[in-house]
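Have a look at the structure below, then the notes.
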Amino acid sequence: MNKKWAAALIPVFMMTTLGTADVDASWWSKTMKKLDKWASQSSSSSSSSSSGGVVAEPTANDAKSNRWIEVQKNQYYTTYVDRRSFEARGTAQNRYVRAYFKRVYTPVGSQVLGNNSDGRVKPDVITYSITEGQYFVDSYYEAWNAPHYYDVHGNLIYEGRLQDYVHWARYIPDSPEEQLKDTLFHMAGWDY
33 MNKKWAAALI PVFMMTTLGT ADVDASWWSK TMKKLDKWAS QSSSSSSSSS
83 SGGVVAEPTA NDAKSNRWIE VQKNQYYTTY VDRRSFEARG TAQNRYVRAY
133 FKRVYTPVGS QVLGNNSDGR VKPDVITYSI TEGQYFVDSY YEAWNAPHYY
183 DVHGNLIYEG RLQDYVHWAR YIPDSPEEQL KDTLFHMAGW DY
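Okay, so the sequence shown: first residue is 33 according to my numbering, each after it adds one.
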């Protein structure tokens, strides 16, 4: 008789457990959305109240967080934008987007970066970089401040511009940089 009761209670137990998991998951997602909303509100208020700068630069610990949105990919690296520091300003021809960007290098990209660094970094050491960038209607700053290059463990390897970043340039029509600007402007709601 005990086996029959146990067999009868298993489905009840499963439904109770699954029902609780759904409630917990719903509660968790709502809590995370509230925290995310709070974080974006506090970052936009801190960026607008600062003297022309965006929020503090993401650290090596932040590099693995969910604050990054993939915006572009090529054979050398994948570019992510930091949604907490993303800032769109201006109107018409004076529009611009400013944020922190992270590049995660492929093995090929890390190799090329080291081989072309004139000995500043070794090949296959750099895993990712973080820098502040600005994208205007007709030009861009890929590295507003000096990029920080990190290894797989989050150790700072090099601070300064290597050949993968330019300081300032005008767009070449249909170039990856112009396509990135179009993606960022679309994120800001500027589809004109």
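C-beta: ideal position from N, C-alpha, C; glycine also.
task: Determine contact between the region 191-205 and the region 138-150, defined as no fewer than three beta-carbon pairs at a distance below 8 Å.
output: yes
query: Of the residues E119, S171, V153, which one's Cα is nearest the Cα of V129?
result: E119
task: Would you mind sorting G151 into buried or exposed? The rule is 16 or more other CB atoms within 10 Å of its CB.
output: exposed
query: Are three or more beta carbon pairs between the region 199-206 and the region 97-108 nearer than 8 Å?
result: no
message: Among S207, Y160, S171, whose alpha-carbon lies nearest the alpha-carbon of N187?
response: Y160
- prompt: Alpha carbon to alpha carbon, what distance is there between D214 and T163?
  reply: 19 Å
field: Beta-carbon proximity check, P137 vs E89, cutoff 8 Å
entry: The amino acid at residue 137 is misidentified as Pro; the sequence shows Tyr. Contact: no.
message: Relative to the C-alpha of Q218, which candidate in W100, R127, R116, T110 has its C-alpha closest?
response: As written in the sequence, residue 218 is His, which differs from the Gln given in the question. Looking at the Cα atoms, R127 is the closest of the given residues.
message: Since R115 and R99 should fall inside the 8 Å C-beta cutoff, what is the C-beta to C-beta distance between them, to a whole number of angstroms?
response: 6 Å
Of the residues T110, E209, Y190, the one placed nearest V153, counting alpha carbons only: Y190
query: The alpha helix (DSSP H) with G146 in it runs from where to where?
result: 139-147
message: Among the candidates T111, V157, P155, D94, whose CA atom is the shortest distance from the CA of E174?
response: T111
field: T215 in three-state terms, based on DSSP
entry: helix
- request: Enumerate in chain order the residues of its own chain whose CB-to-CB distance from L216 is below 6 Å, with the five nearest sequence positions on each side excluded.
  value: V129, Y167
message: Mapping the DSSP letters down to three states, classify E191 as helix, strand or coil.
response: strand
query: How long is the line joining the alpha carbons of Q211 and A124, rounded to whole angstroms?
result: 18 Å
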